[in-house]
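In the numbering used here, the protein residues as written are 39 to 551. Idealized CB from N, CA, C, for every residue including glycine.
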Ligand code: F6P
Ligand code: MG
């Protein structure tokens, strides 16, 4: 029996809501960006220089390779057509088609929900609940790629993710400097936990605002805008404090100080800069506090909501941090970072890498997991173990994965019902940090709670299952746990506070019993 919410979900039938704007304006832009990206890829394939065919065996190889390229281009064109058709149908509020049986998880899950929606005449783009339709969109897109031979491992958002990451150099070097300075404080911090708390709050806020740099909202931002959003100086943080509409940092800290050598889980959101801030918060907790000794990162198995972290993104981020000069640019000039800056980042990146190789940091799936959950041969293969089972072995490619649930189209209320193994795994955590807006929407079901509803009530049956911290900048209508007075003030200050990414919520709830 799954939780029945007392209010309806957000959907685009309300034209004044953000979901309407998303379906009408933002999804078409995202679909167009996929088409453009595929055109670029196909174009590059056309232009690929022919391989030298000077002897017989090379000539056979050349023929094989040109056939492969030709087949890939043909498949690429077919995906472009499908995405174009989808965009056409979306704009005309067509019925959403069942997801084809493509061999990847959740097809039945999505399709049976679609059948339920059809019974209520809500199975079209402008009538379906926003949360369902948005998850369906990314799952459907995945099916277009996974049904091909040559594009199965292709992430149509990868280039965008990398591009924004490359523009985050200024903030990344800034944060690396803060972490460098922290090293000289290590002794003082050990003997003075109140100082530790000050740094904890700085780290939490850095990680919180790291969520503001989200690709799906960034399409028209310049490099200077991005740097402004990501800036991490003390003054900037103080200025932003008034934009945190609910702030449970104190509660979270109080709880954390009761933990000893614990495990923290991050249910990740976006790749690139935001993931970097997650890694830095995790580094802080492990390196400087006695409270945490391991961290598990939960990525998505398929390209998700444009910018979310996949296992290959996770590995790539660490690799990029280890060779930053080839990636990062800043707005101030094309000057290379100073040797000092480079040294700060190198030290940090090497520590992160070491934590990964020692298993202090691990993903919830083996390190060599590719898109869709299969294993690639080249990447590392550390696997998380639970007390009872090896969740995913390094040889099987289709076993149940702890990462599958995150791309299902349902709220987190019922993790226990839908994915007992994941729920039990999270129960073993000392703190589960949910990053970003979509995770917040799923935690609260994306339904029309009055905003003064308690966070606990909005979590439904999940409340109290494990200690939970949500760090979210507001990019969708749902918001709970707010004071009526705060609400009135904010409405006056900025009518768009729910969706414009300038405001944020830090929500904490402990474990029951
Ligand atoms: O459509 C806007 C949107 O894509 C929301 O659906 C989603 O909640 C958010 O942006 C993505 O933000 P985040 O990356 O913080 O989850
Ligand atoms: Mg995201």
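Legend entry - Same chain, Cβ closer than 7 Å to residue 79, five either side skipped, listed in chain order: Closer than 7 Å at Cβ, skipping near neighbours: 114.
Legend entry - Endpoints, the beta strand (DSSP E) within which residue 526 is located: Premise fails: residue 526 lies in the alpha helix (DSSP H), 522-531, not in any beta strand (DSSP E).
Inset, instruction - Apply the 10 Å Cβ neighbour rule to residue 533 and answer buried if 16 or more other Cβ atoms are within range, or exposed otherwise. - result: Exposed is the call here.
Legend entry - Between the CA atoms of residue 377 and residue 161 - distance to the nearest angstrom: Each residue's alpha carbon lies about 57 Å from the other.
Legend entry - Backbone secondary structure at residue 542 - three-state DSSP: Three-state result, residue 542: strand.
Inset, instruction - Would you check if there are 3 or more beta carbon pairs closer than 8 Å linking the stretch 358-368 to the stretch 194-207? - result: Short answer: they touch.
Inset, instruction - Quick one: give me the first and last residue of the alpha helix (DSSP H) that residue 560 is part of. - result: Residue 560 lies beyond the residue range present for the chain, which begins at 39 and ends at 551; the question has no answer from this structure.
Inset, instruction - Decide if residue 197 is buried, meaning its Cβ has at least 16 other Cβ atoms within 10 Å, or exposed. - result: Residue 197 is classed as exposed because its beta carbon has fewer than 16 other beta carbons within 10 Å across all chains shown.
Legend entry - For residue 296 and residue 452, the rounded distance between their alpha carbons: For residue 452 and residue 296, the distance between alpha carbons rounds to 28 Å.
Legend entry - Counterpart residues of residue 161 in DSSP-defined beta bridges: The partner list for residue 161 (beta bridge, DSSP) is empty, contrary to what the question assumes.
Inset, instruction - Note down, in chain order, each residue of its chain lying with its Cβ closer than 7 Å to the Cβ of residue 245, except the 5 sequence neighbours on either side. - result: Hits under 7 Å: 315, 316, 319, 509.
Legend entry - First and last residue of the uninterrupted beta strand (DSSP E) at residue 332: Per DSSP, residue 332 belongs to the beta strand (DSSP E) from 330-336.
Inset, instruction - Check whether the Cβ atoms of residue 505 and residue 548 lie closer than 9 Å to each other. - result: Contact flag set, yes.
Inset, instruction - Output the boundary residues of the alpha helix (DSSP H) element that contains residue 56. - result: It spans 56-59 - the alpha helix (DSSP H) in which residue 56 sits, taken as one unbroken run.
Inset, instruction - Return the first residue and the last residue of the beta strand (DSSP E) that residue 470 is part of. - result: Per DSSP, residue 470 is one residue of the beta strand (DSSP E) stretching across 469-473.
Legend entry - Distance, residue 98 Cα to residue 471 Cα: Counting only the Cα atoms, residue 98 lies some 53 Å from residue 471.
Inset, instruction - Whole angstroms is fine: what's the gap from residue 465's alpha carbon to residue 329's? - result: One Cα belongs to residue 465, the other to residue 329, and the distance between them is close to 17 Å.
Inset, instruction - Could you work out which residue in 175, 211, 188, 64 is closest to residue 103 when comparing CA atoms only? - result: It is 188.
Inset, instruction - Give a single yes or no on whether residue 346 has its beta carbon closer than 8 Å to a heavy atom of ligand 2. - result: Result yes, Cβ under 8 Å from ligand 2.
Inset, instruction - Confirm the yes/no value for this check: CB of residue 541, any heavy atom of ligand 3, distance under 8 Å. - result: Ligands present in the displayed structure are limited to ligand 1 and ligand 2, and ligand 3 is not among them.
Inset, instruction - Please go through the same chain and pick out, in chain order, the residues whose beta-carbon is closer than 7 Å to the beta-carbon of residue 235, but skip the five residues on each side of it. - result: Within its own chain, the residues whose Cβ lies closer than 7 Å to the Cβ of residue 235, once the five positions on either side in sequence are excluded, are 291, listed in chain order.
Inset, instruction - May I ask you to report which of helix, strand or coil DSSP gives residue 230? - result: Coil.
Legend entry - Same chain only: Cβ atoms within 7 Å of residue 41, ignoring 5 sequence neighbours per side: Hits under 7 Å: 451, 452, 498, 499.
Inset, instruction - Determine, using beta carbons only, whether residue 217 comes closer than 9 Å to chain C. - result: Of the protein chains in this structure there is only one, and it is not chain C.
Legend entry - Straight-line gap, residue 310 to residue 200 (C-alpha atoms, nearest Å): Rounded to the nearest angstrom, the two C-alpha atoms are 7 Å apart.
Inset, instruction - Helix, strand or coil for residue 374, going by three-state DSSP, please let me know. - result: The answer is coil: DSSP assigns residue 374 none of H, G, I, E or B.
Legend entry - Own chain, CB closer than 7 Å to residue 191, minus 5 neighbours either side, in chain order: Once the five neighbours on either side are set aside, the close Cβ partners of residue 191 are 408, 409.
Legend entry - Endpoints, beta strand (DSSP E) assigned at residue 304: Residue 304 -> beta strand (DSSP E) spans 300-305.
Inset, instruction - Classify residue 436 as helix, strand or coil using the three-state DSSP reduction. - result: Low local confidence applies: a pLDDT of 45 at residue 436 is under 50, so the model's placement there is unreliable, and no value is given.
Legend entry - Burial state of residue 112, where buried means 16 or more other Cβ atoms lie within 10 Å: So residue 112 ends up on the exposed side.
Legend entry - Same chain, Cβ closer than 6 Å to residue 195, neighbours up to 5 away in sequence not counted: Within its own chain, the residues whose Cβ lies closer than 6 Å to the Cβ of residue 195, once the five positions on either side in sequence are excluded, are 341, 344, listed in chain order.
Inset, instruction - Tell me, please, which residues DSSP counts as bridged to residue 511. - result: Beta-bridge partners of residue 511 (DSSP): 542.
Legend entry - Counterpart residues of residue 401 in DSSP-defined beta bridges: Answer is 335.
Legend entry - Stretch pair the stretch 348-355 + the stretch 173-180: three plus CB contacts closer than 8 Å: Contact fails: fewer than three Cβ-Cβ distances are below 8 Å.
Inset, instruction - Have a look at residue 183 and residue 142 and give me their C-alpha separation to the nearest angstrom. - result: Approximately 11 Å between the Cα atoms of the pair.
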